[in-house]
Amino acid sequence: MFKCYICASRRRGVIVAGLADRQALVTGGAQGLGRAIAHRLAELGAHVTIVDLNEDKAAECVEQIRMKDGRASWLRANVARREDIEAAVHRVAADGDGRIDIMVNAAQFFAMPKALELVTEKDWELSEATGPKATFRFMQIGFPFLRASGRASVINFVSGSALAGIAYTAPYSAAKGAVAALTKVAANEWARHHIRVNAVCPFALTEVQQRMIGTEWDNYTRTAQASPMKRGADPDTEIAPAVAFLAGDDAAFVTGTVLHIDGGMTELSTVDYSQSPGVFG
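For the sequence shown, the working numbering begins at 1 and goes up steadily by one.
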């Protein structure tokens with residue numbers, strides 16, 4: 001299923017910002033980190049299209065952006081389905097006169113910590129389909145429109161669990177590791193087309209993660225206490241601005257990099273998921 005809903009901007013003045021009039025596509029933008037990023041890009045003048053499966057949350061996010069005089073639209077799409085991705089990318093490009101200036105691949109299924117020998121086919125397949133495969137498809141299908149921009153920026157999402165090899169996170173870590181490799185390959189290949197490709201490696205607590213964690217076991221607190229700064233990042237003030245930096249001209253000479261926004265967690269933490277419920281069955 002694929003639907004498109006567009007909310008026109010009610011702008012009372014001209015926004016003078018670094019991303020004025022750029023076409024931005026944000027997957028997973030209805031909630032969590034993607035939502036914070038969508039708001040930030042719109043605040044800086046971009047026209048943001050949120051691609052998400054959650055219709056209610058996507059519509060809510062777009063309305064909030066519009067109420068702040070930003071420009072936003074949303075498309076309902078399942079990022080695990082190629083036909084949905086094709087429809088979404090072509091719609092965003094059509095709205096942008098044949099170009100996409102900013103692509104943020106933030107969507108990803110998260111499998112709760114589990115011992116490798118207990119990981120199911122579903123755990124693995126969902127992680128792959130919504131992570132590296134979806135990122136690859138968005139980038140591949142979007143390539144001609146990114147090239148048409150002349151200054152396009154792709155920002156992918158990786159994870160410290162992949163880069164540090166954190167135990168009991170096999171499906172998620174493998175997915176994010178693949179995205180990290182894809183990011184570097186694309187950066188090498190696409191620099192000649194004036195397309196920059198970078199990734200961010202964040203550590204933050206979003207409302208989505210809070211619901212998944214629940215009240216029986218505070219996985220976030222355990223992880224945060226194992227990090228040097230003893231907390232996660234604020235999505236609105238610490239994650240989204242970093243993504244906006246990579247999206248804009250201030251990062252014009254930055255490509256092929258992974259920007260860590262994790263308070264040192266990837267390089268310095270001692271996180272241990274062995275006490276997580278369900279890890280060993």
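Positions of the beta carbon are idealized from the N, C-alpha and C atoms, including for glycine.
Just checking my contact of residue i with residue j at CB under 8 Å: how many whole Å lie between their CB atoms?
i	j	result
S127	A107	Not really, about 12 Å apart at Cβ, beyond 8 Å.
A175	G131	3 Å
G150	H194	5 Å
F145	R99	5 Å
R137	I85	5 Å
V154	V197	4 Å
Less than 7 Å between C-beta atoms, sequence neighbours within five positions excluded: which residues of the same chain meet that for residue i?
i	result
T266	G160, L163, A164, C201, H260
T33	The identity of residue 33 in the sequence shown is Leu, whereas the question assumes Thr. Only A106, P202, A204, T206, P235, I239 meet the Cβ criterion.
I6	In this predicted model, I6 has a pLDDT of only 43, less than 50, meaning its place in the structure is not dependable; the value taken from the coordinates is given anyway. Excluding sequence neighbours, I6 sits near S73.
Going by DSSP, what residues sit across from residue i in a beta bridge?
i	result
W124	Looking at the DSSP assignment, W124 forms no beta bridge with any residue, so it has no partner.
R71	H47
T52	First, the residue type needs correcting, since residue 52 is Asp and not Thr in the sequence shown. For D52, which the question treats as bridged, DSSP gives the partners R76.
S153	I102, R196
I261	P202
T27	V51, N105
A233	A204
Can you give me the Cβ contacts of residue i inside the same chain, cut-off strictly under 6 Å, excluding the 5 residues immediately before and after it?
i	result
G256	K184, A187
N156	N105, T135, V179, T183, A199
G214	Residue placement at G214 cannot be trusted, given a pLDDT of 49 that sits under 50; what the coordinates show is reported in the next sentence. There are no such residues.
A170	L116, V119
D97	none
G18	L44, G248
A152	D101, L146, I195
F109	L126, S127, T130
What do you reckon, is the C-beta of residue i under 6 Å from a heavy atom of the ligand GDP?
i	result
I166	Among the components modelled here there is no ligand, and therefore nothing to report on the ligand GDP.
Could you tell me which uninterrupted alpha helix (DSSP H) segments, each at least 4 residues in length, are contained entirely in the segment 87-139, listed from first to last along the chain? 121-130
Indicate whether the contact test is met: 3 or more Cβ pairs, each with one atom in the segment 74-81 and one in the segment 43-52, closer than 8 Å. yes
Any alpha helix (DSSP H) of 4 or more consecutive residues that is wholly inside the segment 159-214: 160-164, 170-190, 207-213
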